[in-house]
Structures are given as C-alpha cells and as structure tokens.
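Here the sequence shown is numbered in the working numbering, starting from 187 and rising by one per residue. Presented below is the structure to which this report refers.
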Amino acid sequence: MAEEDLKEEQEPQGKNSSAGTIKLIIAGIVIIILAAGISFAVARFAAVSAPQHGSTYNANAKIKTDNIGTTFDAGEYLTNLAGGSRYIKVKIVFSFANKELETEITNKLPAIQNTINKVLREQSADALNEPKSMDKLADRLKKSINELLVTGNIDEIYFTYFVVQ
C-alpha cells in the first residue's frame, strides 16, 4: 500500500514535469520565431535605406535647388595616390549657376575626368590627412576644370564621399 501511495505521488509530478518541458519548448520556439522576424525586419530596413553599391554611372544626373544652383554628378573616382600604395576613392558633384554649362560639361566629360584623375594622383596621403585638405583639393580641382570650360565656371565641387586608404 505504501508503494501505491508513492506511485500516485510520483505520477502527478511526472505529468507536471513533462507539461513544464512542453511549455518550455513552446516558449523557446516562439522566441526563435520572434528573433527571426525581428532580424528579417531589421535586414529589410537596412537594405532599403542603405545606398546601393555598384550603381551605374549616370553622367546626366542633376538636381535643381535654389541654394546651390544646378548640380552635375561627375562620377566616382578611384586612383592611386602619389608616393606609394595608398589610394583615394571619391564621388564628385559639381555646382554651377549657368545652365548652359551642363551641355559643355557633358561634351567635355572625358577631358574633365582625365583632369580629375591627374589632380587626384598628384595628392599624397599625408597631405590629404591635414585639416582643410578637402577644401584645398576641391579648389585645385575647380581651378583645373574651369580652365577647360568656355561657357561658364563651376562654382563649387562637393565630395559626396571621400576615402583615403
């Protein structure tokens, strides 16, 4: 009789133990599903909001604003720097007031790109790490490019990204 009481006491605990294990497994599965859903949502948001790498070059891309005039996407440049194995990668946008200048820039784009590459290759990594180096480089590029233009001048050069490695 003592054995029967002992078995009766153990059986409810066994049922509670297996029910607790099942609840724990279900909770774990729910947590995994929630984590996967959140990860998917974050990845999707990051993919939508991140800039697209490898996008095609569009020489005719322009934006009209009242503050900076007409802009012209001059493209992306990757070249070695003077004196070694370091390189620079920049994306350049021109700003100008004379709308007719856009046609001239488009027609002379190969010469302008060549000038940009020459000026970038003359730079050293040490010089580009100095304060105001981006401003100095923009001024040098602007001066060199404006020498090629007849219709008007570029007012500003913007670097939409600038990496030296």
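Glycine included, C-beta positions come from ideal geometry on N, C-alpha and C. Fair warning: this is a prediction, and the values are worked out from it, not measured in the lab.
Can you give me the start and stop residues for the alpha helix (DSSP H) that residue i sits inside?
| i | result |
| --- | --- |
| Ser319 | 319 to 332 |
| Ile298 | 295 to 307 |
| Asp312 | 311 to 314 |
Given a cut-off of 8 Å on the beta-carbon distance, is the pair residue i and residue j in contact?
| i | j | result |
| --- | --- | --- |
| Ile297 | Phe280 | Before going further, note that residue 297 is Ala rather than Ile in the sequence given. For Ala297 and Phe280, no; Cβs fall outside 8 Å. |
| Ile254 | Glu316 | no |
| Ile224 | Tyr263 | no |
| Ala268 | Gln299 | no |
| Val305 | Ser330 | yes |
With a threshold of 16 other CB atoms inside 10 Å of the CB of residue i, please say whether the residue is buried or exposed.
| i | result |
| --- | --- |
| Phe231 | exposed |
| Ile217 | exposed |
| Ile274 | buried |
Which whole-angstrom value describes the C-beta separation of residue i and residue j, a residue pair presumed to lie in contact below a C-beta threshold of 8 Å?
| i | j | result |
| --- | --- | --- |
| Asn266 | Arg307 | 6 Å |
| Lys277 | Phe345 | 7 Å |
| Ala324 | Val350 | About 15 Å; that fails the 8 Å criterion. |
| Lys285 | Thr257 | Contact doesn't hold; Cβ gap of about 11 Å is too wide. |
Going along the chain, which residues of its own chain have a beta-carbon closer than 7 Å to the beta-carbon of residue i, five neighbours each way excluded?
| i | result |
| --- | --- |
| Ser319 | Ala313 |
| Gly240 | Because the pLDDT at Gly240 is just 42, under 50, the model does not fix this residue reliably, and the value given afterwards should be weighed accordingly. Excluding sequence neighbours, Gly240 sits near nothing in its chain. |
| Asn332 | Asn339, Ile340 |
Using a Cβ-Cβ cut-off of 8 Å (strictly less than) and excluding sequence neighbours within five positions of residue i, which residues of its own chain qualify?
| i | result |
| --- | --- |
| Leu335 | Leu287, Glu290, Ile291, Lys294 |
| Thr251 | Residue placement at Thr251 is flagged as unreliable, the pLDDT there being 45, under the threshold of 50; a coordinate-derived value is accordingly withheld. |
| Ala283 | Gly255, Thr256, Gly338, Asp341 |
How would you write the range of the beta strand (DSSP E) that residue i sits in, first residue to last?
| i | result |
| --- | --- |
| Leu264 | 255 to 266 |
| Asn346 | Correcting the residue identity first, residue 346 is Thr in this sequence and not Asn. Thr346 -> beta strand (DSSP E) spans 342 to 350. |
| Lys285 | No beta strand (DSSP E) holds Lys285; DSSP gives it neither H nor E. |
Cβ of residue i within 7 Å of any heavy atom in the ligand GTP?
| i | result |
| --- | --- |
| Lys285 | In terms of ligand content, the structure shown is empty, and the ligand GTP therefore cannot be addressed. |
Quick one: what's got a C-beta closer than 6 Å to residue i's C-beta in the same chain, skipping five residues either side?
| i | result |
| --- | --- |
| Lys328 | Ile340, Ile343 |
| Tyr347 | Lys277 |
Check whether chain D comes within 8 Å of residue i, counting only Cβ atoms and requiring the distance to be less than that.
| i | result |
| --- | --- |
| Ala229 | Among the protein chains of the structure shown there is no chain D, as only one such chain exists. |
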